[in-house]
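Peer 1: Note that the working numbering has the sequence shown beginning at 146, numbered continuously upward.
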Amino acid sequence: MNPCPCRSDKAVKKKLLKARIPEEFVQATISSFDINLYKKQQGKERAAIAKRASANFVQNFNQMQEQGKGLYLYSETKGSGKTRLMASIVNALTAVYDKPGEPLSILFSPTIDLLDDIKKTFSDDSKVKTSDLIETIKNVDILALDDIGVEKVTSFVEEKFSGIMDYRLSNKKVTLFTSNLSIDDLDIKYKEGRVSSRIEKMAFPIYMPDEKIRSYLAQQENEDLQSLLYK
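This is the structure:
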């Protein structure tokens, strides 16, 4: 008897939540990434290119993994769909490539949260060793870092990130990024240049639309709720 597909769906969802995918994006797919949410023609065109590149990345993941290449989704505008699309890519990779006996290890995290997690291990009552956490971050098959560049850059941050990136680059580990900064602008923020230069080698840049679709979605949701609130 073939197992019920719902079991597989539940297992995938459980894995994604454990990987720290935000629950609002656990069901997100690349195919359902709606380019028509963007109002400007340029936004639609950029979204279409990003969507096609994301699908091709998943389809050709074995080759990407062999080269240790990820993606760098960026635009200056917050709420432009970067996080949603990156989550969709991770969801697709999990569904296609995570197999019994060949698990795909994944960690999805806002950059600030990841830094906070590392700092928490410095506490005397921490149950997690700093070295163990760093090793996990270095060795996970897919590391998805959301909003890199919003963190306050200190010598500590630069040292930790450059060490993590250097290891992942050298060992061809796939890393995905979203950012409000281009890689060139990230180079300005990380003044020593060690982080941005590694990211440039690790990930292919994709310019996302500079439109705030999060606002459009919120408006749609509010309109849908009007019938309930004002009936």
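Glycine residues also receive a C-beta, built at the ideal position from the N, C-alpha and C atoms.
Given that a residue counts as buried once 16 or more other Cβ atoms are within 10 Å of its Cβ, and exposed if not, what is Arg197?
Peer 2: By 1-based counting over the sequence shown, the position of residue 197 is 52. Exposed: under 16 other Cβ atoms inside 10 Å.
Peer 1: How far does the alpha helix (DSSP H) with Leu331 in it reach, from first residue to last?
Peer 2: Along the sequence shown, read from residue 1 onward, the residue named residue 331 stands at position 186. Where Leu331 is concerned, the enclosing alpha helix (DSSP H) stretches over Ile328 to Lys334.
Peer 1: Determine the burial state of Asp277: buried for a count of at least 16 other Cβ atoms within 10 Å of its Cβ, exposed for fewer.
Peer 2: As a working mapping, residue 277 is identified with position 132 in the sequence shown. The residue is exposed, with fewer than 16 neighbouring Cβ atoms inside 10 Å.
Peer 1: Verify whether the separation of the beta carbon atoms of Ser360 and Gly224 is less than 9 Å.
Peer 2: Locating residue 360 in the sequence shown gives position 215, where the first residue counts as 1. Locating residue 224 in the sequence shown gives position 79, where the first residue counts as 1. Cβ distance < 9 Å, so Ser360 and Gly224 count as in contact.
Peer 1: Exposed or buried, Pro255, counting other C-beta atoms within 10 Å across all chains shown (16 or more means buried)?
Peer 2: By 1-based counting over the sequence shown, the position of residue 255 is 110. The residue is buried, with at least 16 neighbouring Cβ atoms inside 10 Å.
Peer 1: Please report how far the alpha carbon of Glu368 lies from the alpha carbon of Met353, in whole angstroms.
Peer 2: Mapped onto the sequence shown, residue 368 falls at position 223. Mapped onto the sequence shown, residue 353 falls at position 208. Cα to Cα, Glu368 sits roughly 27 Å from Met353.
Peer 1: Taking 9 Å as the threshold (C-beta atoms), are Tyr219 and Ser327 in contact?
Peer 2: Start at 1 with the first residue of the sequence shown, and residue 327 comes out as number 182. Start at 1 with the first residue of the sequence shown, and residue 219 comes out as number 74. Taking 9 Å as the Cβ cut-off, Ser327 and Tyr219 qualify as a contacting pair.
Peer 1: For Arg152 and Gln172, I'd like the C-alpha separation in whole angstroms.
Peer 2: Translated into positions along the sequence shown, residue 152 becomes position 7. Translated into positions along the sequence shown, residue 172 becomes position 27. Per-residue confidence for Arg152 stands at a pLDDT of 40, beneath the threshold of 50, marking its modelled position as unreliable; no derived number is given.
Peer 1: From the DSSP output, which residues share a beta bridge with Thr323?
Peer 2: Position 178 of the sequence shown holds residue 323. Its beta-bridge partners are Leu218.
Peer 1: If distances are taken between C-alpha atoms only, which option among Val295, Phe322, Lys376 and Ser342 comes closest to Ser233?
Peer 2: On the sequence shown, residue 233 is found 88 positions in, with the first residue counted as 1. Checked all of Val295, Phe322, Lys376 and Ser342; the closest Cα to Ser233 is Phe322.
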